[in-house]
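A.B. asks: Below you'll find the structure I mean.
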Amino acid sequence: MKDLKIITRHLNTANSADIDVYLADGGYQALKKALSMTPEEVIAEVKRSKLVGRGGAAFPTGLKWELTRKEKANPKYIVCNASEGEPGTFKDRLILKNDPHMVLEGFIIAAYAVGTSQGFIHAREVYTQEIELFQKAIDQATERGFLGQNIMGSNFSLDIQFYKSAGAYICGEETALFESLEGHRGIPATRPPYPVQVGLMDKPTTVNNVETLCNIPAIINNGADWFASIGHPDYPGTKLFCLSGNVKKPGVFELPLGTNLKDLLEAGGGVDGKFKAVLPGGISSSLLTETDISLDFKTLAKAGTMLGSGAVIVINSDTSMVNVASNVAHFFDEEGCGKCSICREGTRRAAEILSRFSRGQGNRNELEWLLELHEVMKDTASCGLGQVALNVAASAIRNFKGEFLAQVRKEEGVWLR
Amino acid sequence: MVTLNIDNKQVTVPEGTTILQAAKEANINIPHLCYFEGLKSYSGCRVCVVEIEGEPRLATSCSRKVAEGMKVNTHSARVRRARRTILEILLANHPQDCFNCERNQNCDLLRLAFECGVKKLRFEESEKRVLPIDNTSPSIIRDPNKCIACGRCVRVCHDIQTVNAIGFINKGPDTMVATSMDRGMGNVACANCGQCILVCPVGAIKERSAVDAVWAAIADPAKHVVVQEAPSIRVSLGEELGLPAGTLVAKKMYAALRRLGFDAVFDTNFTADLTILEEGSELVERVKEGGVLPQLTSCCPGWVKFMEHYYPELAPNVSSAKSPQQMFGAVCKTYYAEKAGIDPKTIVNVSVMPCTAKKFECQRPEMNDSGFKDVDYVLTTRELARMIKEAGLDFVSLDEEPAEDLLGLYTGAATIFGATGGVMEAAIRSAYMLITGRELENLDIEPVRGLEGVKTATLNVDGLELKVAVAHGLGNARALLEEIKEGTSPYHFIEIMACPGGCVGGGGQPIRFDSSLKKKRGEALYEEDRNMPKRCSHHNPSIAKIYADYLEKPLGKRSHKLLHTEYTSRPVV
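Going down the list, the sequences are from chains U and Z. The first sequence runs 1 to 417 under my numbering. The second sequence runs 1001 to 1573 under my numbering.
In structure tokens form, the structure reads like this:
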């Protein structure tokens, strides 16, 4: 089971991005099969597979399709979120580059299930080569009749438009992504209503991550039962883990969801130095100080952190947690949208405070205040960014308080105001 | 209907109501900053968060709709902690020189901070941002350092006025409100209506003050300082000075102006009557001689500038009559100077307006038909109130005094200029007489009154079906203007006021976040009209006198020189 590859199975195939190479390995057979089913049957199959979104929120994919399909408003839209922006995440670009047709096939099936004839792909401008290859894949698929009017002789038609985003981190948030697609400032919307109800251009919209879509052809080809039997019983299938930081062999690893962190570290050649902590879901997640833990959504949530998009960042004992917290805080200070007061001002204050600690000029009273700010941001920020922006800082303060206290400035202790 | 529980009280409200509105029904005022009645909810400040039983996070009550059986706590410990932290963090990046702020004693941020118990900042002060102040407009000054990015000004400019002069730029903590290409309010398609000032919770947007210049003129013995006051000032000034909204204070105002040291106290209402005769005659001429119709009113400088930017092709439709303020300026430095034997060079013309666009209007290069700058300084209602306070006048107890007759007498028709539909009603009263030679029997033209966005009426004037329309708020005006562009407008005469409610809702009026005040001010104007002995502009004896002694006749040669103007095409970007 450990060696099962679904998404990265063509990684070592020459010219894997070419349609003929993809077709030679049974490509677009799933699309053919899906088109012979009703959209409802496709949705039922995907629901039964228990596939959840791989972009970070782990929402059941089949349910999302069903909710969108059931909305009365028309037209509906489908968006492939390829705005991979979480620091430490680099899996989608690997797929886009090596297997664009797998994404495309999943995307076309998803569009069929949702009941839309208009799809959008939103990718970061910096992925220049990936975008080129993907655009070529769209053209090839259109030439061969897998895209466009009456796909494979069916009544189903689909047009896919490719959008290059300017690359703001916040535009990976799906409602901000809609704004970006519409040509507006990337500002997340207040929920409810949810995108499946009021999404792109105020129409019901499904947004699927690149990796999520890659699972669809395999599920249709091999059946929901096959997929549901892989890995974790609640979250079956594989996951692309982006291993980075202080490991000997960083990279993307496809392993069953629910793999133990120890095994992932082993796959990555082990920790470079002495293990101190790990961010299992990129810099949006909280620090984890143990290695014997199942990398799945539920277990990590119980441990007070999250899997997110699977960006596992390892930190060794040579690294200052104060600097880690400060670095991350500066990232969020840059990348917020600026709408919510608490996030707009909170990220800047946090970055300032943590900068002072980095320089050995910290004020210990501010640590307590940061923890409270973290709670309030979790409670009141409108979107995920604001809610998680201080996860690293707060977990660093809780787990490594001594390191922060060592950075308190010397004349400390006088509270001026 | 939906029943929910808010702070242990059952509340039943219609479906689709927000929690904030529902709480208001239950007499609970949930603190808020970015929410503003009449604007789309933005949910940016997060101050209005409440705790909903069973939900993991707090919800913004301005956007969240009520649901059956919902249990809401508007001030749980969690909510209060969140609110305090949010206000604390907003204050952290806000200048704290409150004594030096326009909105001292009328600041939402400071009030909420006090009410929510923010007493000190629990973190070290950081370097405050230092952004340049936008000083480019003759009407409006923006201080982005004070901006808390609540977006109320942006929403009123985009959604209500459809002017789009301001918007957000940058992201994250650098987010700020700015003009297109950051060129400044004076260099973009801003109508100068000042609605942004009325909604700003802090002192980030204010009028360009003329208070010091006016004080200096008063103090200069070589100057003869004359003052005129717009119709709506008489029903709003009292609010700033301790009287209830809608109190008619015209005569106390005259007294106060004399106490301040003005040499002659007149009234813009006089030239409002004059405007009716000029504009009404122009309408009659256009109707009788097949001129360009519909005729559009020209007394609102916000609307005029909006037209010059967005609808320059409609300039031929706009009445060439100047606004009452500018007519006053022109006749004051000619007719009055001659009558009183004063060198017009020494006259300083001050006007008190409910309006920031008037500050722009008075400095238009063409507004010097008297041979001098016709109107020198414009004060808003707020600025006059401040001067009265500075002079220590007990306004409420002042004895009433009249204005001076020559340019101070007015009729009921003039006073209703201050409310939406008022100019139309006043014009109809006189146009009827001008067309038929008979007086209109029922002077109350109800269909053009009230706060409906677009109002229309059809009147039978000796067989002519005179069709009129009234719009207030520039967004509302667009529908009527598009009709004209398409050639489908059925109207003869259209009144447009830039500000919602007309001048009673002007950008220079007292800043009170209460939409009912506009209504009260308007009603007070109609009541004054009802009680006036003369209610038609053409019955004003001083008007008869100025035509007899000086102007000859409406649309005559001298009128044309002093009382009419032309328009400029201006770019949008």
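No residue lacks a Cβ here, since even glycine has one placed at the ideal position from N, Cα and C.
Find the residues of chain U that neighbour Z/F1123, judging by a C-beta separation of less than 7 Å, and give them in chain order.
C.D. replies: Ordered by position in chain U, the residues that pass the 7 Å Cβ test against Z/F1123 are R349, I353, E366, W369.
A.B. asks: Return the residue from the list U/E290, U/G310, U/G273, U/K298 that minimises the CA-CA distance to U/S284.
C.D. replies: Closest option to U/S284, Cα to Cα, is U/G310.
A.B. asks: Between U/M102 and Z/V1066, what straight-line distance do the alpha-carbon atoms span, to the nearest angstrom?
C.D. replies: Whole-angstrom Cα-Cα distance: 44 Å.
A.B. asks: With 16 other CB atoms within 10 Å as the buried threshold, where does Z/K1455 fall?
C.D. replies: Buried, because 16 or more other Cβ atoms sit within 10 Å of the Cβ of Z/K1455.
A.B. asks: How big is the Cα-Cα spacing for U/E368 and Z/R1122?
C.D. replies: The straight-line gap from Cα to Cα measures roughly 10 Å.
A.B. asks: Which chain Z residues sit within Cβ distance under 8 Å of U/D333?
C.D. replies: Those are G1172, P1173, listed as they occur along chain Z.
A.B. asks: Within 8 Å (strictly less), CB to CB, does Z/F1114 reach chain U?
C.D. replies: Chain U contact via Cβ: absent.
A.B. asks: For the stretch 284–295 of chain U, which residues have a beta carbon sitting closer than 9 Å to at least one beta carbon of chain Z?
C.D. replies: The residues in question: there are none.
A.B. asks: Do U/I109 and U/I216 have their C-beta atoms closer together than 8 Å?
C.D. replies: Yes, Cβ-Cβ distance for U/I109 and U/I216 is below 8 Å.
A.B. asks: So, does the CB of U/G273 fall closer than 8 Å to a CB anywhere in chain Z?
C.D. replies: No - not a single Cβ of chain Z is within 8 Å of the one on U/G273.
A.B. asks: So, using beta-carbon positions, are Z/L1274 and Z/V1265 closer together than 8 Å?
C.D. replies: Taking 8 Å as the Cβ cut-off, Z/L1274 and Z/V1265 do not qualify as a contacting pair.
A.B. asks: Within its chain, find whatever has a CB closer than 8 Å to the CB of Z/P1447; leave out the 5 residues flanking it on each side and keep chain order.
C.D. replies: Around Z/P1447: K1455, T1456, A1457.
A.B. asks: Could you list which residues in chain Z have their beta carbon closer than 8 Å to that of U/E345, in chain order?
C.D. replies: Near U/E345 (Cβ distances below 8 Å), the residues of chain Z are I1089, L1090, A1092, N1093, P1173.
A.B. asks: Do you know whose CA, among U/A325, U/K47, U/K70, U/A394, lies nearest U/Q197's CA?
C.D. replies: Per the Cα distances, U/K70.
A.B. asks: Could you tell me whether the Cβ of U/E143 comes closer than 8 Å to any Cβ of chain Z?
C.D. replies: Not an interface residue.
A.B. asks: Under 8 Å Cβ to Cβ from Z/S1320, same chain only, skipping five residues before and after it: list those, please.
C.D. replies: If we look at Z/S1320 and ignore the five residues flanking it on each side, its Cβ neighbours are E1282, S1298, H1564, T1565, E1566.
A.B. asks: Express the C-alpha separation of U/P192 and Z/I1141 in angstroms, rounding to a whole number.
C.D. replies: Their backbone Cα atoms lie some 37 Å apart in a straight line.
A.B. asks: Leaving out five residues before and five after Z/V1572 in sequence, what residues of the same chain have Cβ atoms less than 6 Å from its Cβ?
C.D. replies: Within the same chain, Z/V1572 has close Cβ partners A1189, H1309.
A.B. asks: Give a yes or no on whether 8 Å exceeds the smallest Cβ distance from U/R417 to chain Z.
C.D. replies: Summary for U/R417: the model assigns pLDDT 39, below 50, so the residue's position carries little reliability, and this model does not support an answer.
A.B. asks: Z/I1166 bridges to which residues according to DSSP?
C.D. replies: BP columns for Z/I1166 point to Z/T1179.
A.B. asks: Among residues of its own chain, excluding the 5 on either side of Z/A1469, which ones have a beta-carbon nearer than 6 Å to its beta-carbon?
C.D. replies: Excluding sequence neighbours, Z/A1469 sits near T1456, L1480, Y1491, I1494.
A.B. asks: Closer than 9 Å between beta carbons: that is the criterion. Which residues of the stretch 155–187 of chain U meet it against chain Z?
C.D. replies: Here the close residues are A168, I170, R185, G186, I187.
A.B. asks: Can you give, in chain order, each stretch of the beta strand (DSSP E) that sits fully within the stretch 1437–1515 of chain Z and has at least 3 residues?
C.D. replies: Whole beta strand (DSSP E) segments, 3+ residues: 1454–1461, 1464–1472, 1493–1497.
A.B. asks: The beta strand (DSSP E) spanning U/D159 covers which residue range?
C.D. replies: First-last of the beta strand (DSSP E) with U/D159: 159–165.
A.B. asks: Buried or exposed for Z/P1132, please, with buried defined as at least 16 other CB atoms from any protein chain shown within 10 angstroms of its CB.
C.D. replies: Exposed, by the Cβ-count rule.
A.B. asks: Give me, in chain order, the residues of the same chain whose beta-carbon lies closer than 7 Å to that of Z/N1531; leave out the 5 immediate sequence neighbours on both sides.
C.D. replies: There are no such residues.
A.B. asks: Give the straight-line distance between the Cα atoms of Z/V1177 and Z/E1338, rounded to the nearest whole angstrom.
C.D. replies: Computed Cα separation, rounded: 49 Å.
A.B. asks: The alpha helix (DSSP H) that contains U/Q407, what's its start and end?
C.D. replies: Note, U/Q407: premise wrong, no alpha helix (DSSP H); not H, not E.
A.B. asks: Step through the CB atoms of chain Z and report whether any lies within less than 8 Å of the CB of U/T68.
C.D. replies: No, U/T68 lies away from the interface with chain Z (no Cβ there is under 8 Å from its Cβ).
A.B. asks: Do you know whose CA, among U/Y163, U/P195, U/L213, lies nearest U/G183's CA?
C.D. replies: If we check each option's Cα against that of U/G183, U/Y163 comes out closest.
A.B. asks: Under 8 Å between the Cβ atoms of U/S49 and U/A224?
C.D. replies: Against a cut-off of 8 Å, the Cβ pair of U/A224 and U/S49 comes out as a contact.
A.B. asks: Answer yes or no: does any C-beta atom of chain U fall closer than 8 Å to that of Z/T1179?
C.D. replies: No, because no Cβ of chain U sits closer than 8 Å to the Cβ of Z/T1179.
A.B. asks: Against U/K339, what residues of chain Z qualify as contacts under a CB-to-CB distance less than 7 Å, listed in chain order?
C.D. replies: In chain order: G1044.
A.B. asks: Chain U partners of Z/A1315, CB-CB under 8 Å?
C.D. replies: None at all; the shortest Cβ gap to chain U is about 32 Å.
A.B. asks: For the alpha helix (DSSP H) that contains Z/H1560, what are its first and last residues?
C.D. replies: Note, Z/H1560: alpha helix (DSSP H), 1557–1563.
A.B. asks: Taking Cβ positions, are Z/S1232 and Z/R1521 nearer each other than 8 Å?
C.D. replies: Contact: yes.
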